[in-house]
Structures are given as structure tokens and as C-alpha cells.
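Enquirer: My questions all concern the structure below.
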Amino acid sequence: MYTLIGGERIEKGCGTIDVINPVTGEVIDTVPALTKELLDVAVTTAAEGQKEWAAYTQMERNRILRKFAQIVQERREELGKLLCQENGKRISEAEEEFDTVVALIDSYCDKASHMYGVSLPNGTDATSCHTDVIFTRYEPLGVVACLLPFNFPVELCGHKIAPALAVGNAVVIKPPTDCPLAVIKLAECLHEAGVPKKAVQVVTGRGSVIGDLLVEHPGIAAITMTGGTETGIRIANKTAGNLTRTYLELGGNDAFVIMDDADIDLTIGQALESRTNNAGQVCCASKRYIVHEDVAEEFTEKLIAALKIMKIGDPMDRSMDIGSMISEKARNEVIEQIKHTVDQGARLVYGGEAQGKSFLIPAVLTGVTGDMDIAKDMEIFGVVFPIITFKTVQEAIALVNNCPFGLNSAVFSRNIALAISIGEKIQAGSTIINGGGNYRTAAMPFGGYKKSGIGREGSAHTLEEFVQEKSYVLKAVLGNV
Ligand code: NAP
224 MYTLIGGERI EKGCGTIDVI NPVTGEVIDT VPALTKELLD VAVTTAAEGQ
274 KEWAAYTQME RNRILRKFAQ IVQERREELG KLLCQENGKR ISEAEEEFDT
324 VVALIDSYCD KASHMYGVSL PNGTDATSCH TDVIFTRYEP LGVVACLLPF
374 NFPVELCGHK IAPALAVGNA VVIKPPTDCP LAVIKLAECL HEAGVPKKAV
424 QVVTGRGSVI GDLLVEHPGI AAITMTGGTE TGIRIANKTA GNLTRTYLEL
474 GGNDAFVIMD DADIDLTIGQ ALESRTNNAG QVCCASKRYI VHEDVAEEFT
524 EKLIAALKIM KIGDPMDRSM DIGSMISEKA RNEVIEQIKH TVDQGARLVY
574 GGEAQGKSFL IPAVLTGVTG DMDIAKDMEI FGVVFPIITF KTVQEAIALV
624 NNCPFGLNSA VFSRNIALAI SIGEKIQAGS TIINGGGNYR TAAMPFGGYK
674 KSGIGREGSA HTLEEFVQEK SYVLKAVLGN V
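Each residue of the sequence shown is one higher than the last, beginning at 224 in this note's numbering.
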């Protein structure tokens, strides 16, 4: 496939990268590996496009973005199939990503119409006079670089382009190399809806090459990136040189706390929903199961019984419960992480084996202790349930916080006051009470404490990150009659 620079399809003049179906191992397409010269063209073209797009009224921008949402809705089935093929996620999961984009556009367009500046009181200090008028207005930042991970490329593209475009920025989108195709199609839908072609660029190529060049490009006003913590730190180091605004949504190793009075059947349903979604490749999935010792046996037995009847296979088959991982390599890495945890003293009591090219039979590990890597900083991107037991609330909280990440968390108890009080002590961007960690809405401020990131995504918050507030002073305009 081509990539899109200034609305032109770029196919030649650079190398190509294969896009592989992880289920079959077949090459389904190729994308250009852009050169530095083409990247420069993309950024300078975006700067021209930004001026054009910012000159539209808010009403016109909203109308065009809503048209885009309508096109996405109409093409949901065809685009979902493409995403399923290049990523291996279940077809319904792929389609839901496009639904989220539609919801995000709606939410951000509504909010953008209400980006009120403020009128400030005057005469409040020695330097301001009571006859002056002071007010503020918001302006777009310029060109925003949007770097996307492989696990939810379309949905997360929505989380970035919707706020950036709604307030008049241009975007340069860097799709994940493993699955760039549906994102390129999404950019095409933006153009079709009427967003100026120069205001939306897609730059394909390896993150270590083209991503690196993009984030340190002086023409970029802000970076919004979702991906691993190591990549995020590398990007932050690079963007510091230009003082580029940098928003990072990074890794997690979120806790799922089960108190002794929890409804265990509820915890099973929620654990499965949180952890098996997207074949376990979810940043905010619950990844550490911190269970009161009195209910640990019941939870483990019921969890294994439920996993045994889940169907793993062809993601295009709607009867499947768990789809493929992104690649054989990624699946094998998870198997290595399971072995590593067993070497550290845990017991593998269910699953953890390879199936087909890139599938994994879910794994359950018991006897996990707080000093093991899996209980601290080893994020596992696959369906693995490490079970760690505790006796006291204080012990549970210490286990939860004994981790460099802090994206999401879940607490299960029939005592809501206790659950909220535990949530208050948890160092994480959100706490779900009696629900699994994999929870996010279009408006909710989503993001991490500690090494899970900088900034918050969600229409309740993000527009403020993509504008700058300018103060205007009208000197001595009052009191003239
Ligand atoms: P990744 O390897 O960090 O890649 C993320 C993006 O950054 C990709 O587009 C990648 O390009 C690019 N990239 C890689 N190296 C780069 C560099 N040196 N400079 C600039 N860009 C670079 O992450 P991933 O494996 O795709 O995604 C999984 C990770 O993302 C997990 O840790 C997960 O927890 C996290 N995640 C977080 C959230 C959240 O909201 N907090 C959501 C989803 C995922 P290439 O694809 O070409 O390498």
C-alpha cells in the first residue's frame, strides 16, 4: 500500500516493509519505509495544511469531522476486516475500534465548541489598572505528531487525531509498523470528508528510524505517543532538545485486588473480560491478581474452569473468544516470561503453551510473590494470570504500589467504602470498583502515574493539551464616559 503525504500516494522512491498476517504468516501488503527527505516533506506540508485548517470556523471543522465519523461508520465492516487481517485481533474487536473513533469525534467536537477563554478581574495588583480589560483565547499548537502502538492502532489514532484536529492542529500520523494499513485508510477517510489533504500526513517506516526523526523534527509542536515505557523515555529525551510538548501513554502492570468479601463469580467474569481482550495485549488490562488468601483457591479453580471452555482461534470466526497475538515472536516472548516466572519459584497450573502460528493458551500462575519480576516491573502482553495472595489490606496496597507503573487498577469488595478507600491509596490513573481494569470511555481522563506516562487522554481533559492560551490586554478602554 501507499502512504499519504500532502494527499499524494507515496509508493516509490524508498524501500518497503512487509505487513504480515500473524495467523497465516502470509505477506498481505507492503508499505513504504520513508526516507528523511520524505519525512521533511510531510512535516513542512503539514505546517502549510495547519494554517489552512485553522482558518476554518469551529462549526466547519466539526461538520467535516462528523462527516469523517459517518464515513468510518459506513466502512466499518470493510476496514474492520483489514485490521483483523493485519493485527490478528478478533473481528468484533477490530470493528469496535472504529466505533470508538466515531464516539471520540463526537465527544471532542462537542467539547471544542466550548473552549472558553476567561475574562480576568482587573485592578487587582499594582501593575494592572481598573480601566484595562484582560481576556484569554485558545490557539492551536501547530503540527502534532501522533505515534501509535500495534495493539489498538485505530482506536488510539482516534484518541490523538480527534482532539488535535478539532482545535485546528495538523497531524502527522506514525502508524505501527506491524499493522499500518487500517490507519492509512483512516487518514484517507479524513481527506474524503474534507480535511485539507496537507493537514493530515501518514509517515510509515520503522519507529527506530522514521519515528526517531519525527520526534526530534523542529517543525513538530507536540508529540502524542502511545507505546512502551522504554520507547517513551527515549522520545522524551529527544523532544527535550526542542522543548516540544510531549504526552506519553505508556506501559502498565495493573493490579486486580480481590478482598475476602468479594463476589467471586463477578471477579471471574471481569478478569476474563479484562485480560483476554485483544489476546491480552492491552495496556490497561489487569495483569497482577492480588487475592485475599481466604478466597484464592476458589478464584483459581473457577478461573481455570472458565478458561478451559474459551475458544482460541481464527479471529475472523465470530464464535472465537480469543484471537491471535500480533506475531509469533510476541507470543514466544510471553512464553519466555512465563518460564522466567516459574524459574523464580511460581507454579504454572494451567496453559501457557503455544497454539498455531501466533496463538497462546492462557496461563495461570500461582505461588507468585511480591519479589518476582512479574509482580513488579515485567509487563506481560498476553493472557497470563499471576496470582499473588495477601492477608491484610495494608499488604495488598503495598503489593499494588510495588511497581514502577500506575496506569489502571481494580478493587473487588462488597464494602464499597473499603474499596474506595483502597483506591485512594493506589498510585494509578484510575481505580475501577467491582470491574476489571480494561475500562476507558471517550471523556474519562485516562493516563498513568509513575512510568505509565505523562498527560491524560479523554475529552474531559485533552483539548487543553493541544492548544495554547493567549492573554489579550485592552489598555484603558473602560471608564471613558
Ligand atoms: P512501542 O514498540 O513502544 O511502539 C509504539 C510506537 O512508537 C510505534 O509506532 C513504534 O514504531 C514507535 N517507535 C518505536 N521506537 C521509536 C523511536 N525510537 N522513536 C520514535 N518512535 C518509536 O510499543 P508497542 O509494542 O507498539 O505497544 C505496546 C506497548 O504500548 C505496551 O507497553 C503497552 O502497555 C503500551 N500501550 C499503552 C497504552 C496507554 O494508553 N497507556 C495503550 C496501548 C499500549 P514501530 O511500530 O515502527 O516500532
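Ideal placement from N, C-alpha and C gives every residue a C-beta, glycine not left out.
Opposite R511 in the DSSP bridges: which residues?
Expert: A478
Enquirer: According to the Cβ coordinates, are P376 and P399 closer than 8 Å?
Expert: yes
Enquirer: Do three or more CB pairs link the segment 460 to 477 to the segment 674 to 681 at distances below 8 Å?
Expert: yes
Enquirer: Name the residue from N625, M224, T247 whose alpha carbon lies nearest to the alpha carbon of T239.
Expert: M224
Enquirer: In this structure, what does DSSP give as the bridge partners for Q578?
Expert: F582
Enquirer: Measure from the alpha carbon of D329 to the alpha carbon of each residue in L489, Q296, M543, R637, then state which is nearest.
Expert: Q296
Enquirer: Kindly indicate which three-state DSSP category D594 falls into: helix, strand or coil?
Expert: It is coil, neither helix nor strand.
Enquirer: Only counting the same chain, and skipping five residues up and downstream in sequence, which positions put a Cβ closer than 6 Å to that of H684?
Expert: P668
Enquirer: Around the C-beta of S632, are 16 or more other C-beta atoms found within 10 angstroms, so that it is buried, or is it exposed?
Expert: buried
Enquirer: What's the gap between the Cα of F608 and the Cα of A586?
Expert: 6 Å
Enquirer: M548: which of R541, N374, K461, G670 sits nearest, CA to CA?
Expert: N374
Enquirer: For a test of the three-state rule: what should DSSP assign to Q424, helix, strand or coil?
Expert: strand
Enquirer: Could you check whether A269 and V366 sit closer than 8 Å to each other, using their CB atoms as the reference points?
Expert: yes
Enquirer: Do you know how far the Cα of G568 is from the Cα of L379?
Expert: Straight across, the Cα-Cα distance linking L379 with G568 is about 37 Å.
Enquirer: With distances taken Cα to Cα, identify the nearest neighbour of K420 among A410, E688, T427, V426.
Expert: A410
Enquirer: At which residues does the beta strand (DSSP E) containing Y470 begin and terminate?
Expert: 468 to 472
Enquirer: The ligand NAP and I458: does any heavy atom of the ligand fall closer than 7 Å to the residue's C-beta?
Expert: yes
Enquirer: Per DSSP, what kind of secondary structure is S547 in: helix, strand or coil?
Expert: coil
Enquirer: Mind checking whether G428 and L257 have CB atoms under 8 Å apart?
Expert: In contact: G428 and L257 (Cβ atoms closer than 8 Å).
Enquirer: Check each candidate in T523, I481, V700 and name the one with the smallest Cα separation from T615.
Expert: I481
Enquirer: Does any heavy atom of the ligand NAP sit closer than 7 Å to the C-beta of E472?
Expert: yes
Enquirer: Would DSSP call Y331 helix, strand or coil?
Expert: In the structure shown, Y331 adopts helical secondary structure according to DSSP, grouped into three states.
Enquirer: So, is C626 buried or exposed, given that buried needs 16 or more other C-beta atoms within 10 angstroms?
Expert: buried
Enquirer: Does the distance from the CB of D348 to the CB of K698 come in under 8 Å?
Expert: Between D348 and K698, the CB-CB gap reaches or exceeds 8 Å.
Enquirer: Counting Cβ pairs closer than 8 Å, one from the segment 292 to 311 and one from the segment 319 to 326, do we hit at least three?
Expert: yes
Enquirer: Which residue spans inside the segment 356 to 423 form an unbroken beta strand (DSSP E) run of at least 3?
Expert: 356 to 363, 366 to 370, 393 to 397
Enquirer: Taking just the CA atoms, how far does G503 sit from V606?
Expert: 4 Å
Enquirer: Looking only at its own chain, which residues have a Cβ that is under 6 Å from the Cβ of Y695, when we skip the five neighbours before and after it?
Expert: F358
Enquirer: Answer yes or no: do A335 and L571 have a C-beta to C-beta separation smaller than 8 Å?
Expert: no
Enquirer: Report the residue from I456, K531, V395, K693 whose alpha carbon sits nearest the alpha carbon of I545.
Expert: K531
Enquirer: If you run the structure through DSSP and keep just helix, strand and coil, what is E234?
Expert: coil
Enquirer: Please classify P386 as buried or exposed, where buried requires at least 16 neighbouring CB atoms within 10 angstroms.
Expert: P386 comes out buried.
Enquirer: Have a look at I521 and T490 and give me their C-alpha separation to the nearest angstrom.
Expert: Going by the sequence as given, residue 521 is Glu instead of Ile. Their backbone Cα atoms lie some 11 Å apart in a straight line.
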